[in-house]
Amino acid sequence: MKDTREYLSSIGLPSGDAYELESSGKRFSDGGQYRFEVPGIQGPAAMESLLETVSNLDINIHRVTQTKGIMLLTDAEISSMVKMALDAQVELVLSIGPRATYDTSASVLTNEGQRMGYRLRGQEQIVRAVEEVKRANALGCNSFLLYDEGLLWLLNQARDAGFISPSSKFKISAHCGHGNPCSARMLELSGADSLNPVRDIQLQMLTALRMTISIPLDVHTENPASSGGFIRHYEVPEMIRIASPIYLKTGGSVAKSHSWDTSVADAKARAKQVTLVQRMIDAYYPEAIASPKGSIL
């Protein structure tokens, strides 16, 4: 193994998982180490409830992510969510559909097919995904959640060419299944603006990812029942120290699945989870620096 480890080091990659858990010196452009992201907010009613609750609790969140797909929102719903995001100074990330679970093939719903994740099947699905981005751009949204590496490459080309908004930002979902430095480097080189690694990634693995790439890492502090339901609140201070700049994806344990249709009550419960994670930071890493309200990539 020695030769392999030496070769990895020679090309700028970690020689293995980073058990030393070195502190990250990387930061967001505003100097912050961490930001809060609340995923699974599928429509205007839930978003309004979430934003009202975090305001009443006097806590800041930086990102709101919709995970069911742009195609399932009306123009009026998208416009309403864009306006709420602007007013609350948060980034709105919309999920690109269609994806494998919406396709005509049933294979993705089988045990074998689940290995496909949410990736796209056929070039027509690529065309439709680009149409999703163009539609959201026109309605004022420029941040997108992607499930397919080829689509990332294409959208990065389209962004550089001005075919889609040059302000577009691309976030890679945990459902792509990436959790090693080589994959992370590939995604960064392909145009990813932030990366959500697999949900159960361990701290030494997370450290190795941070040593390899500079884009923000989006890490689940908790998970829906369908993803194991595990809650990692006590690990959050270390996540910030070793992996900054980092988005703390919080509130997932409220949901039963990734595409859970979050209710108004669920949105309030997700906001509460943010306060619980913030308490952990205040107690165990009080010197950690949060990005100020209104910060986006």
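According to numbering that gives the first Met the number 0, the sequence shown holds residues 0 to 296 in order. Cβ coordinates follow ideal geometry from the N, Cα and C atoms, glycine included. From a predicted model like this one, the values you see are computed outputs, not experimental measurements.
{"Check": "What's the call for Ile10, buried or exposed, on a 16-neighbour Cβ count within 10 Å?", "Outcome": "exposed"}
{"Check": "Enumerate in chain order the residues of its own chain whose CB-to-CB distance from Leu12 is below 8 Å, with the five nearest sequence positions on each side excluded.", "Outcome": "Pro180, Cys181, Arg184, Thr211"}
{"Check": "Any contact between the stretch 233 to 240 and the stretch 48 to 56? By contact I mean 3 or more CB pairs, one from each, below 8 Å.", "Outcome": "no"}
{"Check": "Would you say the stretch 38 to 52 touches the stretch 251 to 259, given that touching needs at least three Cβ pairs under 8 Å?", "Outcome": "yes"}
{"Check": "Pairs of beta-carbons, one from the stretch 45 to 53 and one from the stretch 280 to 293, closer than 8 Å: are there three or more?", "Outcome": "no"}
{"Check": "Excluding sequence positions up to five away, which residues of its chain have a Cβ less than 6 Å from the Cβ of Ile295?", "Outcome": "Glu90"}
{"Check": "In whole angstroms, give me the CA-to-CA distance for Tyr18 and Ser78.", "Outcome": "46 Å"}
{"Check": "Starting from Tyr6, trace the alpha helix (DSSP H) in both directions and tell me its first and last residue.", "Outcome": "1 to 9"}
{"Check": "I need the boundaries of the beta strand (DSSP E) containing Pro38, first residue and last residue.", "Outcome": "33 to 38"}
{"Check": "Check Asp102 in the structure and name its three-state DSSP category.", "Outcome": "coil"}
{"Check": "So, helix, strand or coil for Thr73, using DSSP?", "Outcome": "coil"}
{"Check": "Near Arg127, which residues of its chain fall below 6 Å by C-beta distance, leaving aside the five closest residues on each side in sequence?", "Outcome": "Pro97"}
{"Check": "Classify Thr3: buried if its beta carbon has 16 or more other beta carbons within 10 angstroms, exposed otherwise.", "Outcome": "exposed"}
{"Check": "Can you tell me which of the three DSSP states Leu119 falls into?", "Outcome": "coil"}
{"Check": "Looking at the secondary structure, which residues open and close the alpha helix (DSSP H) in which Asp159 lies?", "Outcome": "148 to 160"}
{"Check": "Specify the secondary structure class of Ala128 as computed by DSSP and reduced to three states.", "Outcome": "helix"}
{"Check": "Using only CA atoms, which one of Ser225, Thr73, Thr100, Ala173 lies nearest to Tyr246?", "Outcome": "Ala173"}
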